[in-house]
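Okay, structure first, notes after.
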Amino acid sequence: MQQPHPPGTGTATGGTAPAAPAPAPSSAPGAARILVVDDDATVAEVVAGYLGRAGYLVDRADDGPTALVRAAAHWPDLVVLDLMLPGMDGLEVCRRLRARAAVPVVMLTARGDEDDRILGLEVGADDYVTKPFSPRELVLRVQSVLRRARPAGAAGPLAAAGLTLDPTARRATKNGNELALTLREFDLLAFFLRHPGRAYSREDLMREVWGWDFGDLSTVTVHIRRLRGKTEDDPARPRLIQTVWGVGYRFDPSGRDEEG
Numbered sequence: 046m047q048q049p050h051p052p053g054t055g056t057a058t059g060g061t062a063p064a065a066p067a068p069a070p071s072s073a074p075g076a077a078r079i080l081v082v083d084d085d086a087t088v089a090e091v092v093a094g095y096l097g098r099a100g101y102l103v104d105r106a107d108d109g110p111t112a113l114v115r116a117a118a119h120w121p122d123l124v125v126l127d128l129m130l131p132g133m134d135g136l137e138v139c140r141r142l143r144a145r146a147a148v149p150v151v152m153l154t155a156r157g158d159e160d161d162r163i164l165g166l167e168v169g170a171d172d173y174v175t176k177p178f179s180p181r182e183l184v185l186r187v188q189s190v191l192r193r194a195r196p197a198g199a200a201g202p203l204a205a206a207g208l209t210l211d212p213t214a215r216r217a218t219k220n221g222n223e224l225a226l227t228l229r230e231f232d233l234l235a236f237f238l239r240h241p242g243r244a245y246s247r248e249d250l251m252r253e254v255w256g257w258d259f260g261d262l263s264t265v266t267v268h269i270r271r272l273r274g275k276t277e278d279d280p281a282r283p284r285l286i287q288t289v290w291g292v293g294y295r296f297d298p299s300g301r302d303e304e305g
């Protein structure tokens, strides 16, 4: 299995394992708990070491069933989850975790296939990193996801077109019925509700919602499709989250038909 990049270098070569980081300091009280799930002991050790150094509490599991047991015993604030696992793959683990609660998931995949990345996003992963990767980049991704998972205290409720969002409670409803949104879906819908009537490109949305200046734009496309499936009366003919051809997407609270 491919390894993460050693710190300060490119990809690992010649089968040389990346140098393990220095011992992790004690985590601060109230530190976020991260569950790292990977059957490659070297990858898991390096990832856990870097996350520990960043101040997180880290649990580890090397297969899907063990991951579910560990999560049930100490529910994590975020899961770093390998796609390829023995016994039960990461997609199924992600489905089962998300069926229980909206825990943020950062997916690891050794495949460069776009289909695999999209599958991970489709089952509710909030981000993904393709192996080989830089452990420092992974820590930054984890920090970004956790930061967005924690509601801003000053944010007030948002409402339009039968949709109501409470950023503090991370709760969304449509016509009074609760919506099961992932972290990124919630943030994307909140952004649209805050900026109705304006067209945004996928690059704009990646920067404003994900906080990235670069990345795979299919991430945005997948989340738009998933969000339409949960908020539109007819996702095949979206009226709220409209496609603006040649530009990107626009939220129209009036619910008029898309431009032809």
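First residue of the sequence shown? That's 46 in the numbering used here, and the numbers climb one at a time after it. Note that CB positions come from ideal geometry on N, CA and C, so glycine has one too.
**Item:** For residue 152, three-class secondary structure by DSSP
**Value:** Looking at residue 152 - three-state DSSP - the assignment turns out to be strand.
**Message:** I'd like the list of long-range same chain contacts for residue 295, defined as Cβ closer than 6 Å, with 5 residues on each side in sequence excluded.
**Reply:** Closer than 6 Å at the Cβ level, and outside the excluded window around residue 295, lie 244, 287 and 289.
**Asked** What's the call for residue 121, buried or exposed, on a 16-neighbour Cβ count within 10 Å?
**Response** Around the C-beta of residue 121, 16 or more other C-beta atoms lie within 10 Å, and the residue is accordingly described as buried.
**Asked** Pairing CB atoms from the stretch 137-147 with CB atoms from the stretch 104-114, are three or more of them under 8 Å?
**Response** Under the 8 Å Cβ criterion, the stretch 137-147 counts as touching the stretch 104-114, having at least three qualifying pairs.
**Message:** Here's a check: name, in chain order, each residue in its chain whose Cβ is nearer than 6 Å to the Cβ of residue 131, leaving out the five neighbours to either side.
**Reply:** So the list reads 84 and 108, once near-sequence residues are dropped.
**Request:** Would you mind giving the Cβ-Cβ distance between residue 100 and residue 76, rounded to the nearest angstrom? I have them listed as a contact below 8 Å.
**Result:** Confirmed, Cβ separation roughly 6 Å.
**Prompt:** Quick one: is residue 212 buried, meaning 16 or more other Cβ sit within 10 Å of its Cβ, or exposed?
**Reply:** Counting C-beta atoms within 10 angstroms of its own C-beta, residue 212 has 16 or more neighbours from the protein chains shown and is therefore classed as buried.
**Message:** Just verifying my parser: in three-state terms, what is the DSSP assignment at residue 288?
**Reply:** Reduced to three states, the DSSP call for residue 288 is strand.
**Asked** DSSP on residue 70, reduced to helix/strand/coil?
**Response** Note on residue 70: pLDDT 40, under 50, position unreliable in the model; no value is reported.
**Message:** Assuming residue 125 and residue 153 are in contact, meaning their beta carbons sit under 8 Å apart, how far apart are those beta carbons, in whole angstroms?
**Reply:** Contact between residue 125 and residue 153 holds: CB atoms are separated by about 6 Å, below the 8 Å threshold.
**Prompt:** Excluding sequence positions up to five away, which residues of its chain have a Cβ less than 6 Å from the Cβ of residue 280?
**Reply:** Answer for residue 280: 273 and 274, listed in chain order.
**Request:** Starting from the C-beta of residue 69, find all residues in its chain whose C-beta is less than 7 Å away, skip the five residues before and the five after it, and write them out in chain order.
**Result:** Per-residue confidence for residue 69 stands at a pLDDT of 40, beneath the threshold of 50, marking its modelled position as unreliable; the derived number appears in the next sentence. Apart from sequence neighbours up to five positions away, the residues of its chain that approach residue 69 with a beta-carbon distance below 7 Å are 94, 97 and 98, ordered along the chain.
**Message:** Helix, strand or coil, according to DSSP, for residue 101 in the structure here?
**Reply:** Coil.
**Asked** Would you say residue 227 and residue 278 are within 8 Å of each other, going by their C-beta atoms?
**Response** In this structure, residue 227 sits away from residue 278, with a CB-CB distance that is not shorter than 8 Å.
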